[in-house]
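For the working numbering, count along the sequence shown from 1 and bump the result up by 331.
We put the CB at the ideal spot given by N, CA and C, even for glycine.
Note that the structure is a prediction, hence the values are computed from the model and not measured.
Presented below is the structure to which this report refers.
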Amino acid sequence: MIPVPARLALLMFLYCLLTAGALWRALGTGALDVFTLGVVPVLLGLILRQSWACMALRLYVGIQTLGCAALAITALIAYRITPEEVRVVVQGQELPIPAVVIGLMALLGFQYWVAFSANTRNYLARH
Numbered sequence: 332m333i334p335v336p337a338r339l340a341l342l343m344f345l346y347c348l349l350t351a352g353a354l355w356r357a358l359g360t361g362a363l364d365v366f367t368l369g370v371v372p373v374l375l376g377l378i379l380r381q382s383w384a385c386m387a388l389r390l391y392v393g394i395q396t397l398g399c400a401a402l403a404i405t406a407l408i409a410y411r412i413t414p415e416e417v418r419v420v421v422q423g424q425e426l427p428i429p430a431v432v433i434g435l436m437a438l439l440g441f442q443y444w445v446a447f448s449a450n451t452r453n454y455l456a457r458h
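This is the structure:
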């Protein structure tokens, strides 16, 4: 039996945290959305080592990329109209835009690296 590749194990840990946050948010707000709760089937497929999990992971990363691109385009348009109102505020704390962009790019890049690596594909293909 092949052990879980380290980068896939790290991604699964991050997805566990994201799943907990998504469920907490869903229970707190009563709102369900694919962007946050879409991680649940992907995480289950990775944990259960299903062959379809690789495709689900790639699809989920693609959905995240589209969501981030849409938010970025909206922010750019808003910045052209009123630059002083384009801010990222989390629980009352304003975050610097460059740090948010670098963080999102790093997170998406890591997920792409894991989703399209041969190690992940081989791990999920073997039963």
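Subject >> Bridge partners - L426, DSSP secondary structure assignment >> reply: Translated into positions along the sequence shown, residue 426 becomes position 95. DSSP output for L426 lists V419 as bridge partner(s).
**OP:** Put G398 into one of helix, strand or coil per three-state DSSP.
**Re:** Mapped onto the sequence shown, residue 398 falls at position 67. In the structure shown, G398 sits in a helix (DSSP, three-state: H, G or I).
**OP:** Find out if the Cβ-Cβ distance for the pair Y391, G369 is shorter than 7 Å.
**Re:** As a first step, residue 391 is located in the sequence shown; it is residue number 60 there, counting from the start. As a first step, residue 369 is located in the sequence shown; it is residue number 38 there, counting from the start. Cβ distance < 7 Å, so Y391 and G369 count as in contact.
Subject >> Distance between L345 and A446 (C-alpha atoms, nearest Å) >> reply: Against the sequence shown, residue 446 aligns to sequence position 115. Against the sequence shown, residue 345 aligns to sequence position 14. A446 and L345: Cα-Cα distance of roughly 14 Å.
**OP:** Kindly indicate the opening and closing residues of the alpha helix (DSSP H) around F344.
**Re:** What you label residue 344 is simply residue 13 of the sequence shown in a count that begins at 1. From DSSP, the alpha helix (DSSP H) with F344 extends over 337-360.
Original post:
According to DSSP, is L363 helix, strand or coil?
Top reply: If you number the sequence shown from 1, residue 363 lands on position 32. Reduced to three states, the DSSP call for L363 is coil.
Subject >> Backbone secondary structure at M281 - three-state DSSP >> reply: In the structure displayed, the chain extends from 332 to 458; residue 281 sits before or after that span and is not available.
Original post:
Should A387 go down as buried or exposed, given a rule of 16 or more other Cβ atoms within 10 Å for buried?
Top reply: Here residue 387 refers to the residue found at position 56 of the sequence shown. So A387 ends up on the buried side.
Original post:
Nearest chain D C-beta to I394 closer than 7 Å, yes or no?
Top reply: You won't find chain D in this structure, because it holds only one protein chain.
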